[in-house]
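Below you'll find the structure, written out as structure tokens, and then a few comments.
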Amino acid sequence: QQELEFLLARVFYSTGIPFNTIDNEDFQIFLKKACPSFKIPTCQSLSVNLLNNDYKNIRVVTKNVLNETPYFCLTSDGWSNINKEPLINYMIT
């Protein structure tokens, strides 16, 4: 159950699928047909609990990689969103 929840959540996070898709009746029918014993997570669980857990896991992996890397480059990029609010993106390479 946990592994399937994790994998399903990662599909949502990595593709940008809206979280409320999990509540779509046809999507739920598909999931139940594919794996009848799977308890489908709620939109709340997908957007809070599972997301927080995945964030914590990725943070640990990222910290480990940074601790083992002798050097890296920090790049930043700034722009404005559609509401003209400034945004800054940081990327480590």
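Start counting the sequence shown at 1; every next residue gets the next number (this note's numbering). Ideal placement from N, C-alpha and C gives every residue a C-beta, glycine not left out. Computed from a predicted model, the values in this text were never measured in an experiment.
Can you give me the C-alpha to C-alpha distance between residue i and residue j, rounded to a whole angstrom?
| i | j | result |
| --- | --- | --- |
| P70 | E85 | 35 Å |
| Y55 | I82 | 26 Å |
| P18 | V11 | 11 Å |
| V60 | N53 | 11 Å |
| I95 | Y90 | Outside the displayed span of the chain (1 to 93) sits residue 95, for which this structure offers no information. |
For residue i, which residues of its own chain have a beta-carbon under 8 Å away from its beta-carbon, when the five flanking residues on both sides are left out?
| i | result |
| --- | --- |
| L66 | F72, I92 |
| S80 | P86, L87 |
| F38 | Q1, L4, L31, K32 |
Use the C-beta contact count for residue i: other C-beta atoms within 10 angstroms, 16 or more gives buried, fewer gives exposed.
| i | result |
| --- | --- |
| F27 | exposed |
| A9 | buried |
| L74 | exposed |
| P36 | exposed |
Can you tell me whether residue i is helix, strand or coil according to DSSP?
| i | result |
| --- | --- |
| I29 | helix |
| T93 | coil |
| S14 | helix |
| S76 | strand |
| I88 | strand |
| F19 | helix |
Tell me which residues share the same chain as residue i and place their Cβ nearer than 7 Å to its Cβ, disregarding the 5 neighbours each side in the sequence.
| i | result |
| --- | --- |
| T21 | F27 |
Is it the case that the Cβ atoms of residue i and residue j are separated by a distance below 9 Å?
| i | j | result |
| --- | --- | --- |
| E6 | L51 | Here the sequence assigns Phe to residue 6, which means Glu is not the residue at that position. Against a cut-off of 9 Å, the Cβ pair of L51 and F6 comes out as no contact. |
CB-CB under 6 Å to residue i, same chain, minus the five flanking residues each way: which ones, in chain order?
| i | result |
| --- | --- |
| G78 | I88 |
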